[in-house]
Every structure is written in structure tokens, then in C-alpha cells.
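2 protein chains.
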Amino acid sequence: MASVEQRSDQVEPIKRVSLHDQLVGRLRDLIVQGDLAPGSRVPERELCERFNVSRTPLREALKVLASEGLLELLPNRGAMVSRLTLEDVEEMFPVMGALEALAGELAATRISEDALAEVRALHYQMVLHHKRGELAPYFRLNQRIHELILEAADNVVLANLYRGLAGRIRRARYQANMSSERWGQAVAEHEEILAKLEARDGPGLAATLKRHLKNKCETVKDALLAESDN
Amino acid sequence: MASVEQRSDQVEPIKRVSLHDQLVGRLRDLIVQGDLAPGSRVPERELCERFNVSRTPLREALKVLASEGLLELLPNRGAMVSRLTLEDVEEMFPVMGALEALAGELAATRISEDALAEVRALHYQMVLHHKRGELAPYFRLNQRIHELILEAADNVVLANLYRGLAGRIRRARYQANMSSERWGQAVAEHEEILAKLEARDGPGLAATLKRHLKNKCETVKDALLAESDN
DNA sequence: TGTTTGAATTTTGAATGCAAAATAGGTACC
DNA sequence: GGTACCTATTTTGCATTCAAAATTCAAACA
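Keeping their order, the protein sequence lines are chains A and B. By our numbering, the letter at position 103 of the first sequence is numbered 93, and the numbering carries on one by one without gaps. By our numbering, the letter at position 171 of the second sequence is numbered 161, and the numbering carries on one by one without gaps.
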């Protein structure tokens, strides 16, 4: 029996993902990526057709996403992509700040030399994108760096909560209207983040990240205001 | 039309809670209260009969509770009340600490005199229960105090995340085997919490709460070890 | 005695059906 | 023209149904 397997050590079971799980993932992406506009109603019918599934697994997915805060379920009136209000952002960022500070504190003591080297490389690449004014690649690397810190913290509870909030905020698309002043400040803060991480200064990194998040909060708020104005 | 209502100001719509929502609440209580033992399988059939509903709303509730981490869904094999491992606790407490520290920081600047007075009253009542060795009432008030701080922080995002984690940990029932030494330490920390809150010392309260949570973590870990031993 | 095989039963995953609620559309009335 | 009212349609909440997977359990075999 076992003779069939080449290396009995690393056998991964064939994955059969339930419809429900796939739907949660794909719907979450649609919402976070902004393909479903905040405030828009989401008729079950349409989604069923789009994904070619029946209402049962779809509705299960909607309930889960609602419990994550990405959707609001209006009784008898279906799902709505939840709006990101200024108040939401003002509540979410302090929490993100506390979580990311903790991530930094843990990462500073735990991060491997390999991972640190990767952060360093991504950082300098990111700085380059900043110099060239390439916003999209900059943000990709920025996100990746924060993700690496989160991974280095090696705490899945922390990671899950953080990612949940980050996903909810990401929809704001603050990237588009970040002033060059704020951008410069963000890069300066990232220099500090790298330095503290290399010094393995946990409390210092925590403080820097908290400040970094506070500034990011202002950026997002500006973007949200600009959006509601026009 | 409106003449029927006594005070048109405070009209609350008649609540029609969906089966789904009720089920999520009641099941969560069953799990958190420990009526469903960690590790035990939960056949849908039995729960359907217990609550007298069909499988559809029940399964929706199970998915939500699974996404909260209270249940684990084994593909094609139903739901299991998730076990609380030592590793889980060691991951959850730093996060709880960070969240409660933030709550304290916010509460210190925002708490009303009324709420502060209530905390003070509960605190001294709690100290009395400690003196008398009345564990259960002590814990009730303890929990209520932390809840008041959380409310005073006035941040629903923070409150939701905190309550989610607190619910998951509460199942550990560390109350039963708290040593009198730890209990004394906890009370001392609570004295400090009250003092910092009255001084409206945000950073100080944050630090105290973080330390308080760290100690609580040790208590929970001890309880978990004692449980797995016998 | 202990292990394996295979049908019978149970349980889960997903689709469908049905009644209640909400929405849309159109007519009467002011 | 605008508002109220009533009906037709759509959409939601939940129950039921059906197929596939897992579990049980007894018989066959070593």
C-alpha cells in the first residue's frame, strides 16, 4: 500500500475544496478588490449565475462575509457591500496600529536572517519605485513587506485578525490620491522600520509601526473625503 | 398613525431576528459556556432537533462560528468544537494584551465620570469578594470591569475583536484552578488599573493591562496543563 | 483472534421547492 | 401632476429533497 508513495513523508492529500469555501474566497476578493462597489446591493440570483452554483452554498458564504464585516445583511432585503465610513476608518486604524505594533515587536525577536534579507531587498526595491514615482509597484512591495513582518511574528491569530482588517480597509484605494509629501513620509518611516528590524529593537519597531499606521490612517481618510466630495 | 406611539423619539422597530442569527448566538453560548465540550463532534441532526429548525439555517450558523474559530469544520465529516491548545493560548494572549492595552489607552481619555464611578464601585465590591474567597462572583465583576473599559474605549471594531478572542479563551475555565497567589496578584493589578484609570493615564493603563493579561495568560496555561494532566 | 472487505445506514454537500416579505408597475383618485 | 392603493413579480428565508461521501457492522479470510 504505502509502497505506491514515493516519499511517505511528504504526502499531501488531494484537495477537495467545498463550494462554500471557494465562494467565500472569490467573493471576498471581489469585494476587497473593489469589483463589487461599496454600498451596492448584491442580489443572490446574479451571484448564483455568475458562479454557477445554487443559492445554498452562496448564502452560507454571504453569512460568513457578513460576520467578517465585508457585507451587511439587510433582513429580507439581501446583502449590501458594506460602506467604509470615516468613522469606520477612525476605529479600524488604532486597532490595526496595535496589531501591527505587536507584529513588529514579535518579528524583531523572531525574524530569521533569511527573511530579514528578503525584507531588506524588497525595501530597497520599493525605495527605487518611489524615486521613479511608480505607485502601483511601490504598493505591491509595501504590502509584501508588511506581510513578511506579519509572517515573521509567527502568530496566526494575530495574522488572521490583521488580514481581516487590512482587507476591509484596502477597498478605500487610498493609493490613488496619496500626496507626494505623504509618500515621502511613508518611505522615511519604512527606512526606520528596516533599521529597527535590523537592530532587532522590538519596542522601537512597535512604536515606529504604530506611528506609520497613524499616518496611513490620515492618508486613507483623505482619500475617503476626496471620494465623497467629487 | 404615529399617535399610537407614546414617545415618538424612542421607537424601536419590532425585532424579527432571523433563525440564522438566533442560532449563531445560542450556539456560541453553548460553546463558550462549555455545554459543548471542546473536541466533541456536533452532529447536525442533533442540533436541528434541539433547536427545532431545519438544517439550512443551522449550517449557515455553523459556517459562521467556524469562521470565528469556535468550530472546526471537517470536510464531509461535520463540525467539531475546536480545542484550545497551549499554542492557541500562547498566540491569543499577546493579541488580547495588545487589544486590551489599546482599550485602556482610549478609555483613560474618554471614560465618563459616571462610568468611572461604576468601575470604582465594581472594583471595591470585587475586592470584597476576593477577601471572602468568593471566586464566582469575583469573576463576574472582573469580567464586567473589563467590559466597562472596553465600552468606554468606544470603538466597536476593537470591541468585536476583543470579545471574539475572549469568548474563545473563556472556555478554558481557568477560574477553577487559580492559585491564591495568582489571585492576589490579579487583585493588586486591578488596584493599579483603577488608579491609572482615575489618573486618566492612558499609556500607564495600557502597560498595566498588558502586564495583567500576561499574568492571566500564565493562569490559563496552568489550568490547561492541569486539565490535560488528570 | 485479528484484520480486511463490502454492503447497509447515516451524515454531509448542494439543489430545489415553497411560503412570506419586499419591490415594481399600473390604475384610480385628488 | 402628484399621491395613494392595489396587484403582479421578484427576492428572500427556510424546509425539503437528492446524490455523494463517510461510518457502521457483519461476514470472509488469514
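All C-beta atoms, glycine included, are put in the ideal place defined by N, C-alpha and C.
For Ala213/B and Ala176/B, believed in contact at Cβ under 8 Å, the rounded distance
Contact flag wrong, Cβ pair sits at about 14 Å.
Test: Asn205/B CB closer than 9 Å to a CB of chain A:
Taking 9 Å as the CB threshold, Asn205/B stays off the interface with chain A.
Confirm, please, whether the CB-CB distance from Leu148/B to Glu81/A is below 9 Å.
Yes, Cβ-Cβ distance for Glu81/A and Leu148/B is below 9 Å.
Pull up the distance between the alpha-carbon of Tyr164/B and that of Pro28/A, whole angstroms please.
One C-alpha to the other measures close to 43 Å.
Beta-carbon proximity of Leu55/B to Leu17/B, cut-off 9 Å:
Between Leu55/B and Leu17/B, the CB-CB gap stays under 9 Å.
Closer than 9 Å, CB to CB, is Asp78/A near chain B or not?
Contacts with chain B at 9 Å (Cβ-Cβ) include Asp78/A.
Measure the Cβ-Cβ separation of Leu151/B and Val85/A and say whether it is below 9 Å.
Against a cut-off of 9 Å, the Cβ pair of Val85/A and Leu151/B comes out as a contact.
Looking only at its chain, what residues have a beta carbon closer than 8 Å to the beta carbon of Val(-6)/B, apart from the 5 residues adjacent to it on each side?
Low local confidence applies: a pLDDT of 37 at Val(-6)/B is under 50, so the model's placement there is unreliable, with the coordinate-based value given in what follows. Same-chain partners within the cutoff: there are none.
Ala162/A versus Leu125/A - alpha carbon distance
So the two alpha carbons sit approximately 16 Å from each other.
List the endpoints of the continuous beta strand (DSSP E) containing Met70/A.
Run containing Met70/A: Gly68 to Val71, per the beta strand (DSSP E) assignment.
For Val117/A and Val22/A, I'd like the C-alpha separation in whole angstroms.
When rounded, the distance between both Cα atoms is 26 Å.
Neighbouring residues, chain B, relative to Glu50/A (Cβ below 8 Å):
Listed along chain B, the residues sitting closer than 8 Å to Glu50/A by beta-carbon distance are Arg49, Glu50 and Lys53.
Nearest-angstrom Cα distance between Leu199/B and Leu9/A?
CA-CA distance, Leu199/B to Leu9/A, rounds to 43 Å.
Does the region 61 to 75 of chain A touch the region 33 to 52 of chain A, meaning 3 or more C-beta pairs lie closer than 8 Å?
Segments in contact, yes.
Are the region 173 to 188 of chain A and the region 183 to 194 of chain B touching by the rule of at least three beta carbon pairs closer than 8 Å?
No contact exists between the region 173 to 188 of chain A and the region 183 to 194 of chain B.
Leaving out the 5 sequence neighbours to the left and right, which residues in its chain are closer than 8 Å to Asp(-1)/B when beta-carbon positions are compared?
Caution is warranted here: a pLDDT of 41 is assigned to Asp(-1)/B, below 50, making its placement in the model unreliable, and the coordinate value is therefore given only provisionally. Apart from sequence neighbours up to five positions away, no residue of its chain approaches Asp(-1)/B with a beta-carbon distance below 8 Å.
Flag Thr209/B as yes if its beta-carbon sits less than 9 Å from any beta-carbon of chain A, otherwise no.
Against chain A, the CB of Thr209/B has no partner CB under 9 Å away; the residue lies outside that interface.
Which residue wins for smallest C-alpha separation from Asn205/B, given the options Gly192/B, Glu188/B, Gly154/B and Ser169/B?
Residue Ser169/B is the option with its Cα nearest to Asn205/B.
Using a Cβ cut-off of 8 Å, pull out every chain B residue sitting near Met82/A, in sequence order please.
In chain order: Val147.
Taking 9 Å as the CB-CB limit, is Ser57/B close to chain A?
For Ser57/B, the answer is yes, since a Cβ of chain A falls inside 9 Å of its Cβ.
In chain B, which residues lie less than 7 Å from Ser8/A when you measure between Cβ atoms?
For Ser8/A, the chain B residues whose Cβ falls inside 7 Å of its Cβ are Pro65, in order along the chain.
Exposed or buried, Ala178/A, counting other C-beta atoms within 10 Å across all chains shown (16 or more means buried)?
With fewer than 16 other Cβ atoms within 10 Å, it is exposed.
Between the C-alpha atoms of Ala93/B and Arg6/B, what's the straight-line distance to the nearest angstrom?
About 32 Å.
Under 7 Å from the C-beta of Leu92/B: neighbouring residues of chain A:
Going along chain A in sequence order, the residues near Leu92/B (Cβ under 7 Å) are Pro84, Val85 and Ala88.
Is Arg6/A helix, strand or coil when you go by DSSP?
It is coil, neither helix nor strand.
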